[in-house]
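Data first, discussion second: the structure below is written as structure tokens.
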Ligand code: GDP
Ligand code: MG
């Protein structure tokens with residue numbers, strides 16, 4: 007099994023940290039899937055059974071001007087070829103306008119969207135349910151996976167779940 011996944015989210019939620027943890031290769035592979043020519047491959051996670059190709063989708067953020075709008079559209083078209091989208095948020099930051107903007111765009115993507123709640127090492131476990139409920143009021147997520155990218159909590163489970171969507 008193999009497929010493409012993109013990670014979107016506000017700055018500093020931990021996207022690069024997760025990628026650095028899971029990704030072993032940064033190579034420009036040739037593939038028959040169109041994504042490889044349209045987007046920057048950030049890295050590839052490979053096991054015996056599966057290969058997950060993480061791609062960069064620059065520009066999903068709240069635009070401050072019209073050019074920004076165009077860039078967001080470009081980013082949206084780039085996620086049209088992925089098998090799943092990881093929407094990463096931080097457990098230690100309140101949902102904000104930046105998150106809400108991304109959520110509105112992801113609703114148009116018609117793809118499985120995972121809510122990945124990162125930095126759970128920084129909160130009391132009792133707080134997690136309220137965070138999940140808060141995001142669930144905004145969108146139906148295909149999966150909701152709380153992780154700690156720095157500690158590695160639940161990262162294996164996240165990868166296994168992604169593979170199920172390929
Ligand atoms: P990005 O902008 O979304 O790519 O975020 P980064 O990966 O650069 O991370 C931003 C900051 O959050 C860095 O200082 C990371 O060390 C920190 N960070 C990332 N993941 C975690 C986590 O699971 N727990 C904690 N405590 N800090 C994290
Ligand atoms: Mg980053």
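Residue numbers (the UniProt record's numbering): 7 to 172.
Don't be surprised by glycine CBs; every beta carbon is placed ideally from N, CA and C.
- Please list, following the chain, all residues that have a C-beta closer than 6 Å to any non-hydrogen atom of the ligand MG. 21 and 22
- Item | Whether residue 19 touches residue 108 by CB criterion (7 Å) | Against the chain shown, residue 19 aligns to sequence position 13. Against the chain shown, residue 108 aligns to sequence position 102. Their beta carbons are not under 7 Å apart, which means residue 19 does not touch residue 108 by this criterion.
- Task: Can you grab the Cα-Cα spacing for the pair residue 137 / residue 143, in whole Å?
- Result: Your numbering for residue 137 matches position 131 in the chain shown. Your numbering for residue 143 matches position 137 in the chain shown. Residue 137 and residue 143: Cα-Cα distance of roughly 10 Å.
- Query: Got a sec? Which residues, its chain only, sit under 8 Å from residue 118 by beta carbon, not counting five neighbours each side?
  - Reply: One-based indexing of the chain shown puts residue 118 at position 112. Cβ within range, chain order: 89, 90, 91, 148, 149 and 171.
- In the DSSP assignment, find the beta strand (DSSP E) that holds residue 52 and state where it starts and stops. Stepping through the chain shown from its first residue, residue 52 is reached at position 46. Note, residue 52: beta strand (DSSP E), 47-52.
- Query: Are residue 123 and residue 152 close, meaning C-beta to C-beta below 7 Å?
  - Reply: Residue numbering aside, residue 123 sits at position 117 when the chain shown is read from its first letter. Residue numbering aside, residue 152 sits at position 146 when the chain shown is read from its first letter. Yes. Within cutoff.
- Where does residue 90 sit, in a helix, a strand or coil, going by DSSP? By 1-based counting over the chain shown, the position of residue 90 is 84. Of the three classes helix, strand and coil, the one that applies to residue 90 here is strand, per DSSP.
- Return yes when the Cβ of residue 47 is within less than 7 Å of the Cβ of residue 61, no when it is not. Here residue 61 is taken as the residue at index 55 of the chain shown, counted from 1. Here residue 47 is taken as the residue at index 41 of the chain shown, counted from 1. Going by C-beta atoms, residue 61 is nearer than 7 Å to residue 47.
- Let me know if residue 96 comes out buried or exposed under the rule of 16 or more other beta-carbons within 10 Å of its beta-carbon. Counting from one through the chain shown, the residue named residue 96 turns up at place 90. Classification of residue 96: buried, given that the 10 Å Cβ count is 16 or more.
- With a threshold of 6 Å, establish whether the CB of residue 105 neighbours any heavy atom of the ligand GDP. In the chain shown, residue 105 corresponds to position 99, counting from 1. No; taking the cut-off as 6 Å, the Cβ of residue 105 has no heavy atom of the ligand GDP nearer than that.
- Check whether the Cβ of residue 127 lies closer than 6 Å to any heavy atom of the ligand GDP, and answer yes or no. Numbered from its first residue, the chain shown carries residue 127 at position 121. Yes; taking the cut-off as 6 Å, the Cβ of residue 127 has a heavy atom of the ligand GDP nearer than that.
- Straight-line Cα distance separating residue 100 from residue 125: Looking up residue 125 in the chain shown gives position 119. Looking up residue 100 in the chain shown gives position 94. Their Cα atoms are separated by approximately 13 Å.
- Message: Whole angstroms are fine: how far does the CA of residue 102 sit from the CA of residue 155?
- Response: Taking the chain shown and counting its residues from 1, the one referred to as residue 155 is at position 149. Taking the chain shown and counting its residues from 1, the one referred to as residue 102 is at position 96. Roughly 21 Å separates the two Cα atoms.
- Message: Short of 7 Å in beta carbon distance, which residues of its chain neighbour residue 56, apart from the five on each side in sequence? Order them along the chain.
- Response: Here residue 56 refers to the residue found at position 50 of the chain shown. Excluding sequence neighbours, residue 56 sits near 7, 8, 169 and 172.
- Item | Contact test: residue 97 Cβ vs the ligand GDP heavy atom, cutoff 6 Å | Mapped onto the chain shown, residue 97 falls at position 91. No, the ligand GDP has no heavy atom inside 6 Å of this Cβ.
- Query: In chain order, which continuous runs of the alpha helix (DSSP H) of length 4 or greater are located wholly inside the segment 93-145?
  - Reply: 103-113 and 134-142
- Message: Less than 6 Å between C-beta atoms, sequence neighbours within five positions excluded: which residues of the same chain meet that for residue 167?
- Response: Taking the chain shown and counting its residues from 1, the one referred to as residue 167 is at position 161. So the qualifying residues of the chain are 149.
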